[in-house]
Amino acid sequence: METSNQRSMSTMHGASSQETFQDTALGLVSTRSFPAIVGTADMMLKSAGVHLVGYEKIGSGHCTAIVRGGIADVRLAVESGVQTAEQFGQLVSSLVIPRPYPNLDIVLPITTRFTKLMEEGNYSRLSNQAIGLVETRGFPAMVGACDAMLKAADVHLAAYEKIGAGLCTAIIRGSVANVAVAVEAGMFEAERIGELNAVMVIPRPLDEMELTLPLARCWIEEREPLNLPVNIKEQVAEIEVLRLPDLTKLPTKIAEELWNDE
Numbered sequence: 001m002e003t004s005n006q007r008s009m010s011t012m013h014g015a016s017s018q019e020t021f022q023d024t025a026l027g028l029v030s031t032r033s034f035p036a037i038v039g040t041a042d043m044m045l046k047s048a049g050v051h052l053v054g055y056e057k058i059g060s061g062h063c064t065a066i067v068r069g070g071i072a073d074v075r076l077a078v079e080s081g082v083q084t085a086e087q088f089g090q091l092v093s094s095l096v097i098p099r100p101y102p103n104l105d106i107v108l109p110i111t112t113r114f115t116k117l118m119e120e121g122n123y124s125r126l127s128n129q130a131i132g133l134v135e136t137r138g139f140p141a142m143v144g145a146c147d148a149m150l151k152a153a154d155v156h157l158a159a160y161e162k163i164g165a166g167l168c169t170a171i172i173r174g175s176v177a178n179v180a181v182a183v184e185a186g187m188f189e190a191e192r193i194g195e196l197n198a199v200m201v202i203p204r205p206l207d208e209m210e211l212t213l214p215l216a217r218c219w220i221e222e223r224e225p226l227n228l229p230v231n232i233k234e235q236v237a238e239i240e241v242l243r244l245p246d247l248t249k250l251p252t253k254i255a256e257e258l259w260n261d262e
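Spelled out as structure tokens, the structure:
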């Protein structure tokens, strides 16, 4: 007998979507810092053949990286992510769910979120550059760190992220050397103004990492549609209307005037 969850899944996604969930797993690693979760996600992507769905931020500084892929790959990725988070001293918890039930994806839009990210056609002028993250407790410390980083090296402020508990992260982009110098300057300035919580430098971010990180609107170049004339027939009709007047309908007294002049 078909269960209600199966009926719901067949209605919303169809049989082809059910095949997509076979032999896949869901992996989650949670930390208490945004730079730590970005570094953890980077290690998970580079250690196994998984896809980064995104991050879930629930407040109080808790962030969770969500990956999807084959069961063996997800287990390996989560194991690497846990080790990385423990090195930062920010690990909260981890979880691996082999073959998650389709209803889980309906309630938590895990698959649809990743599909939306992959379908976005925007291009960033900061793509393929190193990433630097400086997390502070308090907004003034983050602003001061941003100012120090921008003045210390040739980097660009890409965006900033808030995760609750007073924690906010400045995200910069640039070459590896410039990002390293800028992050060091931002660390000292953040400690001088307030409290420094965490830092991270990612030299070679993968494309999926680029898609999941926040980015200010000013750095996104949207593809503009090509505007072509659509009413060609109407324009031709207007041209045909603007013809010369019919000479046969003009007043004809030219011959008499010429005779009088003679």
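The sequence shown lines up with residues 1 to 262 when you count with UniProt numbering.
All C-beta atoms in this analysis are idealised placements derived from N, C-alpha and C, irrespective of residue type, glycine included.
From a predicted model like this one, the values you see are computed outputs, not experimental measurements.
Item to check | Residue span of the beta strand (DSSP E) that contains valine 50, given as start and end | outcome: The residue given as residue 50 occupies position 50 in the sequence shown. Segment 50-59, the beta strand (DSSP E) holding valine 50.
Checklist entry - In terms of DSSP beta bridges, what is valine 181 paired with? => result Translated into positions along the sequence shown, residue 181 becomes position 181. The bridge partners DSSP lists for valine 181 come to none.
Next on the checklist: Tell me the DSSP secondary structure of valine 155 in three-state form.
Outcome noted: To locate residue 155, count along the sequence shown from 1; it is residue 155. In this structure, valine 155 counts as coil in the three-state DSSP scheme.
Next on the checklist: Quick check on the DSSP output: the alpha helix (DSSP H) that includes serine 47 runs from which residue to which?
Outcome noted: By 1-based counting over the sequence shown, the position of residue 47 is 47. That run of the alpha helix (DSSP H) goes 34-47.
Item to check | Cβ-Cβ distance between threonine 136 and asparagine 178 below 8 Å | outcome: Within the sequence shown, numbered from 1, the residue matching residue 136 stands at position 136. Within the sequence shown, numbered from 1, the residue matching residue 178 stands at position 178. Judged by beta-carbon spacing, asparagine 178 lies beyond the 8 Å limit of threonine 136, meaning their Cβ atoms are not closer than that value.
Next on the checklist: Using only CA atoms, which one of Leu28, Tyr160, Gly54 lies nearest to proline 98?
Outcome noted: Here residue 98 refers to the residue found at position 98 when the sequence shown is read from its first residue. Answer by Cα proximity: Leu28.
Checklist entry - Grouping DSSP H, G and I as helix and E and B as strand, with all else coil, what is isoleucine 26? => result Position 26 of the sequence shown, counted from the start, is the residue given in the question as residue 26. Here residue 26 is leucine; the residue named in the question, isoleucine, does not match the sequence. Strand, per DSSP.
Next on the checklist: By alpha-carbon positions, which one of Ala165, Gln87, Arg173 ends up nearest to arginine 204?
Outcome noted: Translated into positions along the sequence shown, residue 204 becomes position 204. Ranked by Cα distance from arginine 204, the first of Ala165, Gln87, Arg173 is Arg173.
Item to check | C-alpha distance - cysteine 218 paired with phenylalanine 139, whole-angstrom precision | outcome: What you label residue 218 is simply residue 218 of the sequence shown in a count that begins at 1. What you label residue 139 is simply residue 139 of the sequence shown in a count that begins at 1. Rounded to the nearest angstrom, the two C-alpha atoms are 21 Å apart.
Checklist entry - Would the beta-carbon of serine 47 fall within 8 Å of that of leucine 76? => result Indexing the sequence shown from 1 puts residue 47 at position 47. Indexing the sequence shown from 1 puts residue 76 at position 76. Inclusion of serine 47 and leucine 76 in the CB contact set at 8 Å is warranted, their separation being smaller than that value.
Item to check | Close beta carbons around histidine 62, own chain, < 7 Å, minus the five adjacent residues each side | outcome: Taking the sequence shown and counting its residues from 1, one reaches residue 62 at position 62. Cβ neighbours of histidine 62 within its own chain (closer than 7 Å, five residues either side excluded): Ser30, Arg32, Val92.
Checklist entry - Can you tell me the Cα-Cα spacing of threonine 24 and proline 100, whole angstroms? => result In the sequence shown, residue 24 corresponds to position 24, counting from 1. In the sequence shown, residue 100 corresponds to position 100, counting from 1. In a straight line, the C-alpha of threonine 24 is about 8 Å away from that of proline 100.
Checklist entry - What residues in its chain sit with their C-beta under 7 Å from that of residue 264, if we drop five residues either side in the sequence? => result Nothing about residue 264 can be reported from this structure: the residues present for the chain run from 1 to 262 only.
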